[in-house]
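Residue numbering for the sequence shown follows my numbering, beginning at 1258 and increasing consecutively. To keep things clear, I will list the structure first and then write my remarks on it.
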Amino acid sequence: MVSLKAKVGAMTFDKPGMVASGIMDETGPSMVRMLDCGAGAVVSKSVGLEPNAGHANPCFMETEGGMVNAMGLPNPGIELFEEEMKVAVPHGRIVGSIYGAGPDDFRTLAGKMEDYGACTVELNLSCPHAKGYGMEVGTDPAMVKAIVSAVKSAVSIPVWAKLTPNTHILPDIGRAVQDAGGDAVVAINTLKAMVISPEFARPILSNKFGGLSGKALKPVGVRAVYDLRTVLDIPIVGVGGISTWKDAAEYIMAGASAFQIGSAVLTEGPGVFDTINCGLERFMEEYGYGSISDMEGAAHE
């Protein structure tokens, strides 16, 4: 009998797949629904200190091989989000995703998420379409180290940092997280992207550019996880373009301890978690892997 339990540092999840931030995680009931559909955990919508309306429409569109969005981190603010956490936390593991402009913001937000019952806090250091946040603070190793250090000093729950692929120094960013005491890195967030309407000779999104997610992202994400595995000792959670058990297996074998699913929840439906879980079980039984950890990093051997 194989085990689908996934261990990410001090955290153990009954199933290896989690809902990525920004997908079916804006409300307490939606997070509960994802847990009921086979997710091992749900990463909340990224939440900031104050309510944020996000970017104007159009802010999302499908494209060949994926989707491009520029939502702009819409959220009700950390104080109001407590109500959603109260609904979701009793039903399973909720990872609280937060974003801020610097160490003080992240420290405050992380403390609130811990108070609300989050099992882990995920630092959004990678959103490519929110001015002053996300990728803009997450591509400076010194700033990343300062943010992670500040959060580690403020909470007792594990601290994960979600990294951007939009940099040539991804290993340096990962090392900054590790050096600051971070418990894991999550790789990757979306690729900075743009779609233009030839008929109007204008970018389609109101923000002009956004982030590419979906199947087209998977080879980039797998490569990023593989690279990070070669330089880090802390765990990695893989994310980007996963829609089948084979995709999940690639990430695990590249070095991920667990994985997150985002766009496929929209394209395949919430049942994608059970489908992937069943596929992984069959594969593991056939190829002699007793656990997720037995598969982890197999492509490096």
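Note that the Cβ used here is the ideal one computed from N, Cα and C, for glycine as well.
Put simply, the backbone Cα of Ala-1481 is about 14 Å away from that of Ala-1473. Boundaries of the alpha helix (DSSP H) around Ser-1550: 1549 to 1552.
With a cut-off of 8 Å on Cβ pairs, the region 1353 to 1369 is in contact with the region 1379 to 1392, counting three or more such pairs.
Every alpha helix (DSSP H) stretch that sits fully inside the region 1261 to 1332 and reaches 4 residues is listed by chain position as 1285 to 1293.
Taking the C-beta atoms as reference points, Val-1405 is found no nearer than 8 Å to Val-1378. DSSP places Ala-1433 in the uninterrupted alpha helix (DSSP H) bounded by 1427 to 1436.
Along the length of the region 1360 to 1425, whole alpha helix (DSSP H) runs at least 4 residues long occupy 1360 to 1372, 1392 to 1395 and 1398 to 1409, reported in chain order. The Cβ atoms of Ala-1444 and Val-1496 sit closer than 8 Å to each other. If you draw a straight line from the Cα of Ser-1413 to the Cα of Gly-1439, it comes to about 12 Å. Annotated three-state conformation of Ala-1345 is helix, per DSSP. Put simply, the backbone Cα of Val-1289 is about 42 Å away from that of Phe-1457.
DSSP places Met-1258 outside both helix and strand once states are collapsed to three, so it counts as coil. Gly-1478 sits in a helix when the DSSP states are folded into three classes. Counting C-beta pairs closer than 8 Å gives fewer than three between the region 1325 to 1333 and the region 1258 to 1277, which falls short of the contact rule. With respect to the C-alpha of Gly-1468, the residue from Asn-1314, Cys-1384, Gly-1297 and Arg-1364 having the closest C-alpha is Cys-1384. Per DSSP, reduced to three states, the secondary structure at Ser-1514 is coil, with no helix or strand assignment. Straight-line spacing of the CA atoms in Met-1342 and Asp-1531 works out to 24 Å.
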